[in-house]
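Colleague: Numbering (the numbering used here), first residue to last: 26 to 936. No residue lacks a Cβ here, since even glycine has one placed at the ideal position from N, Cα and C. Structure below; questions to follow.
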């Protein structure tokens, strides 16, 4: 039973707008009302009746009641504030009780002592929105976060503090860490956001996966763990603290599990509950790599097993992944998208069937919650060599399966598991038979009726795509094509361009002897660090090279990320990656030559011990080899250093500064061009669908829209091999299983948040390093145009039909056991046509369905009548609906493929 109380205004918001901030065709007045309600709720800090949070060995105790909690990870800086209400609402609709987020130190304190809590870093607003939706919050302060975030969340200035060593028993680090953690705890307390103040925060985290590297610090690591715990507890936050992946977490800190599977995890004390702070429902991607995908059947199996075996708090990492805007991606080499194959995708759209199947799982777990919280531990029953049951019952003081309990199943919930990776199994449990697919769990909220199986997916599949919204009109043919598709749109019909100088331009440059480390110079204010010097080449050197058929080369002991060499303003070569003993051949002319070295970062290291030593750029000896009189030690030369790009310095990507330079019209003869800036304007696409910038025609660089940095781009192509044609959910998952997108660029579409766009004349600025074609860049809309479902007679009825209040004689009742197919387009869209429908024995999968030997002739008309022209529809899976049994004695299935269009489009197919 819920331990919180909804304020009246929250109930009104819920009943009138279904707790969502999404547009479903509401009027402008309704949208304005919704905005005002959200504003009122966020302004108010009293979201709940104040309650305490404690814990015992079984679960978190909220307001005196044990709770089974489902949590979803959303990182506030990876979305815009305008996206937050919809993301939180969709999370709640999906059955989430808690929102989890890290706190990003380098975003909040970019300069030592100067704090920033605005825009995407307005953490107070984010936490209040969570509370306004009636959800709890788990705040992971760290302050080390990893998270594939630049430098693991540490501000780069931290490494410059004298004598500092990160994450160990080091006084300078502990002083800075305590100051920031205290600042965040004090801020949350001042804003009345802890549970005992009526706020949503029920739990905090100190440190993060420190157990993985603790051994690197020896005794100092163990002392640091104890200190971090004492420091955190001493801040008086009044809610429990956790440490994840920390087997030696002190007594008053809960140690938690981070992994793909945590059902076998046990905390380090019998007084602590079993918490899963990171359930990896996907994985991150790197430039030039394939895209990870975790099947929802396996993910649901992992979650069900966790609660089956005693778990009580489980968090999806991530529930919404989002975008690494700007230069926030860590790495090195992590892509701008942080989609993570999460239930809500990078653009805020539902990822189906993952979101829908997990929603059903969460509803099932809630049906079991009374028994789960009542029992101190489950009763284990072995049902086969790889089959077992765990039984929870409210009358937990009773020992064994006595006859009275056997007959009534009063207050009982059970999980039946088949952990065989290959074979289905039929299990006998309490006198009934249950058939389970391989690698699956069936959940029986009343120990009799199986209402959910992790491998039986009835949720729809949504096929997302992008469609052209606006093209960049640079010639007559593209203009004609665009006008044919978008009559009346206004677009600038040309690009303009300017070259980035490969020369010393900055007044802030400086000259010193020797090769300086990258971060010591840039302080991570830019990806780019230029090294300028001059090399004299004699006649004897040239003769030596010609006679011996050798070439001089720049050799470096070690480089990381990207290294480029320019000779007399021309690119001589590049090295990408992390390499030891790099040798880049070069070609000089007689006399003085300008030698320019460019060091580039692509995200700072975010994981590992001693991050303060990691640095970037070149390491070790740097020299020129192949000269007649021997090698030239470049560290003995004078070098002029320049940080960043001239375009960055002048901020030519912003609306007010882009006219500070002399742009020239771009022609086809100018393409491709390296180290070049491009600029154009475009109008915002109509409607509310998410917007993507297609940069598939470009090479490597960065992009800005109206001054907002949408991130790095790079069209590195993934290897052809490594992806599986058919993804088999069975068996343990790893990030290399079920990957997709082989042989294609890792990322070509880049999210432009709607709130960053104005109606017209949006400024797009591109900086291209390696040579691409901006004339082929386009703005596209992302949506799920195709939805499919595949539901059989032997599937379970919808979870909404199971009503806990209908407990009669200890059994859950359901008024109608008929399975249903449920289809729904994304918000603002309707089903325009039914592309395929077959009730009988259809074959194949979404977009590849075909009729089987058994088919009801009216399948298409029945589904079209129920669904066409609506945002969502239900179709019962029964012979009566389809006018009779098309093939007696065979289990029938309904397979449907439907097309969704924006509700502003009114043309439908007729049947």
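(1) Over the uninterrupted alpha helix (DSSP H) stretch that includes residue 621, give me the two end residues.
(2) What is the DSSP secondary structure of residue 643, reduced to helix, strand or coil?
(3) Report all residues from its chain with a CB closer than 7 Å to the CB of residue 295; omit the five preceding and five following residues, and keep chain order.
(4) For residue 345, which of 230, 132 and 96 has the nearest alpha-carbon?
(5) With H, G and I counted as helix, E and B as strand and the rest as coil, what does DSSP make of residue 469?
(6) Taking the continuous beta strand (DSSP E) assigned at residue 733, which residues delimit it?
(7) Under a Cβ-count criterion, where at least 16 other Cβ atoms within 10 Å of its own Cβ denotes burial, should residue 271 be classed as buried or exposed?
(8) Among 190, 145, 188 and 760, whose alpha-carbon lies nearest the alpha-carbon of residue 324?
(9) Could you check where the beta strand (DSSP E) with residue 899 kicks off and where it finishes?
(10) Would you please state the rounded distance, in angstroms, between the beta carbons of residue 720 and residue 855? I believe it to be under 8 Å.
(11) Tell me, please, which residues DSSP counts as bridged to residue 340.
(12) Are the segment 178-196 and the segment 108-122 in contact at 8 Å, needing three or more beta carbon pairs?
(13) Quick one: what's got a C-beta closer than 8 Å to residue 387's C-beta in the same chain, skipping five residues either side?
(14) Please classify residue 617: is it buried, with 16 or more other beta-carbons within 10 angstroms of its beta-carbon, or exposed?
(15) For residue 563, which of 706, 654, 610 and 480 has the nearest alpha-carbon?
(16) Please report the distance separating the alpha-carbon of residue 901 from that of residue 710.
(17) Rounded to whole angstroms, what is the Cα-Cα separation between residue 758 and residue 367?
(18) With distance defined between alpha-carbon atoms, name the residue in 809, 851 and 846 nearest to residue 872.
(19) Whole angstroms is fine: what's the gap from residue 216's alpha carbon to residue 129's?
(20) Let's see if you can read the secondary structure: which residues bound the beta strand (DSSP E) around residue 605?
(21) Grab the span of the alpha helix (DSSP H) containing residue 774 for me, first residue to last.
(22) Assuming contact is defined by CB atoms lying nearer than 8 Å, are residue 815 and residue 699 in contact in what I supplied?
(23) Mind reading off the beta-carbon distance from residue 214 to residue 464? Whole number of angstroms is fine, and I expect it under 8 Å.
(24) To which residues of the same chain is residue 348 closer than 7 Å at the C-beta, ignoring the five residues directly before and after it?
(25) Have a look at residue 703 and residue 521 and give me their C-alpha separation to the nearest angstrom.
(26) With a threshold of 7 Å (Cβ to nearest heavy atom), would residue 629 be considered close to the ligand ATP?
(27) Per the DSSP calculation, residue 492 is bridged to which residue(s)?
(28) Going by C-alpha to C-alpha distance, which of 922, 791, 313 and 641 sits closest to residue 631?
(29) To the nearest angstrom, how far is the alpha carbon of residue 559 from that of residue 600?
(30) Check the DSSP bridge columns for residue 847 and list the partner residues they point to.
(31) Could you tell me the boundaries of the beta strand (DSSP E) in which residue 268 lies?
(32) Could you tell me which uninterrupted beta strand (DSSP E) segments, each at least 3 residues in length, are contained entirely in the segment 120-193, listed from first to last along the chain?
(33) What does the Cβ neighbour count give for residue 241, buried or exposed, with the cut at 16 atoms within 10 Å?
(34) Report all residues from its chain with a CB closer than 6 Å to the CB of residue 329; omit the five preceding and five following residues, and keep chain order.
(35) From residue 540 to residue 580, what distance separates their C-alpha atoms?
(36) Output yes or no for whether 8 Å exceeds the beta carbon distance between residue 264 and residue 299.
Modeller: Answer, in terms of the structure:
(1) That residue, residue 621, is in no alpha helix (DSSP H); its beta strand (DSSP E) goes 616-625.
(2) strand
(3) 82
(4) Out of 230, 132 and 96, 96 has the C-alpha closest to the C-alpha of residue 345.
(5) Taken through DSSP and simplified to helix, strand or coil, residue 469 comes out as strand.
(6) 733-739
(7) buried
(8) Minimum Cα-Cα distance from residue 324 among the listed residues 190, 145, 188 and 760 corresponds to 760.
(9) 897-901
(10) In fact, because the Cβ distance is near 31 Å, the residues do not count as touching under 8 Å.
(11) 96
(12) no
(13) Correct list, in chain order: 95, 119, 120 and 121.
(14) The residue is exposed, with fewer than 16 neighbouring Cβ atoms inside 10 Å.
(15) 654
(16) Whole-angstrom Cα-Cα distance: 38 Å.
(17) Computed Cα separation, rounded: 15 Å.
(18) 809
(19) 19 Å
(20) 595-610
(21) From DSSP, residue 774 is part of no alpha helix (DSSP H) but of the beta strand (DSSP E) over 774-777.
(22) No, these two residues do not count as a Cβ contact at 8 Å.
(23) Their Cβ separation, rounded to whole angstroms, is 46 Å, which puts residue 214 and residue 464 out of contact at 8 Å.
(24) 103, 361, 362, 363, 371, 736 and 776
(25) Distance between the alpha carbons of residue 703 and residue 521 is about 6 Å.
(26) Questions concerning the ligand ATP fall outside what the structure shown contains, since it holds no ligand whatsoever.
(27) 806
(28) 641
(29) 21 Å
(30) 899
(31) 266-269
(32) 123-127 and 161-167
(33) exposed
(34) 466 and 479
(35) C-alpha separation (whole angstroms): 13 Å.
(36) no
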